[in-house]
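Using this note's numbering, you'd call the opening residue of the sequence shown number 287 and step up by one each time.
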Amino acid sequence: MKHQPPATSHQYNGVIERYRKYLPITEKTPIITLKEGNTPLIYAEFLSKSVGGNCEVYLKYEGLNPTGSFKDRGMTLAISKALEEGFNAIMCASTGNTSASAAAYAAKAGIKCIVLIPAGAIASGKLSQALIHGAQVLAVEGNFDDSLKLAIEITGKYPIRLVNSLNPFRIEGQKSASFEICDLLGSAPDFQVMPVGNAGNITAYWKGYKEYKEEGEINNLPKMIGFQAEGAAPIVKGHPIENPQTLATAIRIGNPASWKTALAARDESAGLIDMVSDDEIIEAYKLLASKEGIFAEPASAASIAGLLKLAKKNYFEPGKKIVCILTGHGLKDPDRVIATINKPKKVKPEIKSVLKEIGY
Ligand code: F0G
């Protein structure tokens with residue numbers, strides 16, 4: 287592509303360049319990238335000790351993607367392919383992160399982006415992103431499932447490309463995260479724990495692991511473990527939830543589009559999909575920030591809440607490697623912190639008052 291800096295050994299150029307041979311990219315595909323991917327896999331000392339049995343827990347910190355969530359991995363591909371196919375407009379329904387990512391990549395590509403969000407139900411950081419990148423944001427008086435239905439219908443009739451995870455290129459891009467995990471660990475982990483909302487990401491990770499094994503890059507496959515929020519747990523309960531509720535707004539979804547492939551990931555890997563309560567999510571959210579130094583949004587903390595729930599039941603055999611996916615950055619949803627933690631105490635601008643408060 288024009289205007290790319292010269293490739294040097296120090297320049298990372300995003301998931302398409304890195305994993306091109308595993309992706310449906312041709313010489314004609316214009317590559318739209320914000321250098322997504324290549325996120326750290328962080329050894330979690332406190333969580334490893336909490337799980338016990340010499341298990342090793344690693345955190346895949348997807349909040350460090352360019353727009354602060356894993357969505358960028360799929361969006362680089364979805365937007366690049368939309369351009370190749372001649373579209374000049376894209377649309378998505380979103381609980382926030384997809385819209386932030388779509389808006390940023392559409393801005394980079396110079397095409398129109400329309401997002402449908404459930405009115406009043408997305409975190410302020412995500413809404414700010416969609417707005418500043420110049421997307422046309424429409425707040426639908428309904429929930430995510432209503433918004434997605436509209437997006438599917440409209441993009442089926444008009445020359446606008448749907449960039450929700452029903453777009454197969456989103457899944458193709460997102461599978462790059464499993465490649466990275468395997469490249470860093472030298473094998474697949476024994477278990478992978480992640481939040482599940484619309485179920486695209488669990489689908490993508492499982493596809494990635496299976497392909498890497500077929501290609502001979504790894505010899506093993508992980509057990510895929512997904513967690514939904516208790517008030518928005520259609521897969522666990524076995525039926526759509528009409529009015530899903532959870533403070534983890536990213537996964538407030540009652541009828542996941544990739545339901546079937548999530549079940550396939552669970553069953554083929556002999557894993558499980560379970561749920562955690564909002565209280566468990568908040569506890570894990572605070573613990574992650576205060577013990578591991580990582581600020582992830584509440585939906586991401588669902589994987590940590592799930593990890594701890596399973597550990598309590600002695601689910602993990604000793605010595606296993608467990609990777610938890612932290613899907614989005616904590617700064618996406620600053621209001622949740624303010625609602626959860628005591629506000630700073632006011633002090634007079636004098637040494638005496640400060641010392642008194644800090645106990646010196
Ligand atoms: N974690 C975060 C931070 C998310 O934003 C999402 C989904 C998920 C987990 C669940 O991933 O849907 O692939 O199962 N967010 C979508 C959105 C729905 O519109 O941003 P999934």
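Every residue, glycine too, gets a C-beta built ideally from N, C-alpha and C.
Is residue i near residue j, with beta carbons less than 7 Å apart?
{"i": "Ala416", "j": "Ser385", "result": "yes"}
{"i": "Tyr347", "j": "Leu573", "result": "no"}
{"i": "Met377", "j": "Thr312", "result": "no"}
{"i": "Pro584", "j": "Ile608", "result": "no"}
{"i": "Ser586", "j": "Glu516", "result": "no"}
{"i": "Ile511", "j": "Ala474", "result": "no"}
{"i": "Glu458", "j": "Leu363", "result": "yes"}
{"i": "Leu436", "j": "Leu413", "result": "no"}
{"i": "Lys632", "j": "Gly557", "result": "no"}
{"i": "Ile446", "j": "Ala375", "result": "yes"}
{"i": "Ala465", "j": "Tyr305", "result": "A small correction: the amino acid at residue 465 is Phe; Ala does not occupy that position in the sequence shown. Yes, the pair counts as a contact, with Cβ atoms nearer than the cut-off."}
{"i": "Leu593", "j": "Val479", "result": "yes"}
{"i": "Ala582", "j": "Gly349", "result": "yes"}
{"i": "Leu309", "j": "Cys610", "result": "no"}
{"i": "Ala389", "j": "Ala421", "result": "yes"}
{"i": "Glu578", "j": "Phe373", "result": "no"}
If distances are taken between C-alpha atoms only, which option among the options comes closest to residue i?
{"i": "Thr353", "options": "Glu370, Glu578, Lys394", "result": "Lys394"}
{"i": "Ser433", "options": "Thr381, Asp564, Lys398", "result": "Thr381"}
{"i": "Ala588", "options": "Gln297, Ala570, Ser544", "result": "Ala570"}
{"i": "Pro316", "options": "Ala379, Ala392, Ser336", "result": "Ala392"}
{"i": "Glu528", "options": "Met480, Asn450, Asn600, Phe430", "result": "Phe430"}
{"i": "Lys499", "options": "Lys461, Cys610, Leu641, His419", "result": "Lys461"}
{"i": "Ser410", "options": "Ser544, Asp621, Leu594", "result": "Asp621"}
{"i": "Gly483", "options": "Glu427, Lys599, Val423, Thr532", "result": "Thr532"}
{"i": "Lys321", "options": "Ala330, Gln297, His525, Cys341", "result": "Gln297"}
{"i": "Leu471", "options": "Val623, Gly579, Ile318, Val343", "result": "Val343"}
{"i": "Pro481", "options": "Phe373, Ala519, Val623", "result": "Ala519"}
{"i": "Val423", "options": "Asn383, Cys399, Ile438, Asn450", "result": "Cys399"}
{"i": "Ala534", "options": "Ile644, Lys618, Ala379", "result": "Lys618"}
{"i": "Ala543", "options": "Gly349, Ser451, Gly406, Gly502", "result": "Ser451"}
{"i": "Met648", "options": "Gly524, Gly579, Thr547, Lys642", "result": "Residue 648 lies beyond the residue range present for the chain, which begins at 287 and ends at 646; the question has no answer from this structure."}
{"i": "Thr319", "options": "Ala407, Gly406, Met361, Ile580", "result": "Met361"}
{"i": "Asn383", "options": "Leu345, Val449, Pro326", "result": "Val449"}
{"i": "Gly647", "options": "Lys496, Leu507, Cys468, Phe455", "result": "Here the chain has residues from 287 to 646 only, and residue 647 is not among them."}
{"i": "Thr626", "options": "Asn453, Asn600, Gly616", "result": "Gly616"}
{"i": "Asn600", "options": "Thr325, Val337, Lys307, Asn299", "result": "Val337"}
{"i": "Gly323", "options": "Gly502, Phe356, Lys634", "result": "Phe356"}
{"i": "Pro530", "options": "Gly420, Asn506, Ala330, Pro404", "result": "Pro404"}
Can you tell me which of the three DSSP states residue i falls into?
{"i": "Val650", "result": "Nothing can be reported for residue 650, as the shown portion of the chain is limited to 287 through 646."}
{"i": "Ser555", "result": "coil"}
{"i": "Pro404", "result": "strand"}
{"i": "Lys499", "result": "helix"}
{"i": "Ile454", "result": "This sequence places Pro at residue 454; Ile is not what is there. Three-state result, Pro454: helix."}
{"i": "Leu594", "result": "helix"}
{"i": "Glu342", "result": "strand"}
{"i": "Leu448", "result": "strand"}
{"i": "Ile418", "result": "helix"}
{"i": "Gly512", "result": "strand"}
{"i": "Asp560", "result": "strand"}
{"i": "Lys314", "result": "coil"}
{"i": "Phe430", "result": "helix"}
{"i": "Ile467", "result": "helix"}
{"i": "Gly614", "result": "strand"}
{"i": "Val633", "result": "coil"}
{"i": "Pro481", "result": "strand"}
{"i": "Lys599", "result": "coil"}
Expressed to the nearest angstrom, what Euclidean distance is found between the alpha-carbon atoms of residue i and residue j?
{"i": "Asp565", "j": "Ile559", "result": "19 Å"}
{"i": "Ser366", "j": "Asn541", "result": "28 Å"}
{"i": "Gly605", "j": "Ser334", "result": "10 Å"}
{"i": "Ile397", "j": "Phe477", "result": "39 Å"}
{"i": "Lys314", "j": "Asn628", "result": "54 Å"}
{"i": "Phe602", "j": "Leu596", "result": "7 Å"}
{"i": "Ala551", "j": "Ile488", "result": "7 Å"}
{"i": "Lys638", "j": "Pro630", "result": "17 Å"}
{"i": "Ile328", "j": "Lys443", "result": "44 Å"}
{"i": "Ile537", "j": "Ala591", "result": "14 Å"}
{"i": "Glu351", "j": "Asp358", "result": "The question names Glu, but residue 351 in the sequence shown is Asn. So the alpha carbons of these two residues sit roughly 7 Å apart."}
{"i": "Ala548", "j": "Tyr495", "result": "14 Å"}
{"i": "Gly614", "j": "Ala575", "result": "13 Å"}
{"i": "Glu371", "j": "Asn453", "result": "13 Å"}
{"i": "Thr325", "j": "Asn340", "result": "25 Å"}
{"i": "Lys307", "j": "Asp553", "result": "28 Å"}
{"i": "Asp469", "j": "Glu636", "result": "53 Å"}
{"i": "Ala463", "j": "Gly406", "result": "31 Å"}
{"i": "Ala330", "j": "Ile580", "result": "10 Å"}
{"i": "Leu641", "j": "Val623", "result": "26 Å"}
{"i": "Ile408", "j": "Ile438", "result": "20 Å"}
Would you check whether the ligand GTP has a heavy atom nearer than 6 Å to the C-beta of residue i?
{"i": "Asn383", "result": "The ligand GTP is not part of this structure, which contains only the ligand F0G."}
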